[in-house]
Amino acid sequence: MWLRRAFFGWLLPAAFVLPLWLLVGWAIFNAGGWAFLWVLFLAIPGVFLWQLLLTLLVRARGTVRAHRAVSWWDVLGFTVWHVLVISLGFFAEAWWAPVMVLAILAGVGLFWLELWQLWSEARPSRFVLQSTDGVAYIPPPAQSGRAADQDVIVVTERHSPPAS
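If you count by the working numbering, then the sequence shown holds residues 923 to 1086, one letter each, in order.
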């Protein structure tokens, strides 16, 4: 549970730390001018906004808000996506382009995973029925016949006259 809570706490700071890492990685690994333009105009705003969107989708779920912990699917998805984004910050020409494609695919897959989890939690439960017109309603509780069959015991209180 501590790991899932740690991921819950990491989601919002990750929106700031991951883009910052891409900028710092560009400076440390001397990526060049074109990479700087990519980092400045595409990567930083893209990762920032995408992480915020994913964070909002996660926090929209009732179970996440109640437990202040993400699901194990979230831990897996965010781990994969964050590792790929962090590896982009190393700017190694040999494997940078395939990792960028994988990071984009992982980010889109994580988006659909979050939507699926949100929809799974928000869909009507089995207690909501639909009429023939398609109107949803909650059925009234079933009347139990046992209440009328049970014995009723009446206890009366007798007052004794006060002793003089």
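Backbone N, C-alpha and C define an ideal beta-carbon position, used for all residues, glycine too. This structure is a prediction, so every number in the text was calculated from the model and none was measured.
- In the three-state DSSP reduction, residue 1058 falls in the strand class (E or B).
- Of the residues assessed, residue 983 falls on the buried side of the cut-off, its CB having 16 or more other CB atoms within 10 angstroms.
- Per the C-alpha coordinates, the member of 1015, 933, 1023 positioned closest to residue 951 is 1015.
- In this structure, residue 1009 sits away from residue 1023, with a CB-CB distance that is not shorter than 8 Å.
- In terms of Cβ geometry, residue 940 and residue 973 form a close pair [threshold 8 Å].
- Assigned with DSSP and collapsed to three states, residue 1072 falls in coil, not helix or strand.
- Under the three-state reduction of DSSP, residue 923 is assigned to coil, being neither helix nor strand.
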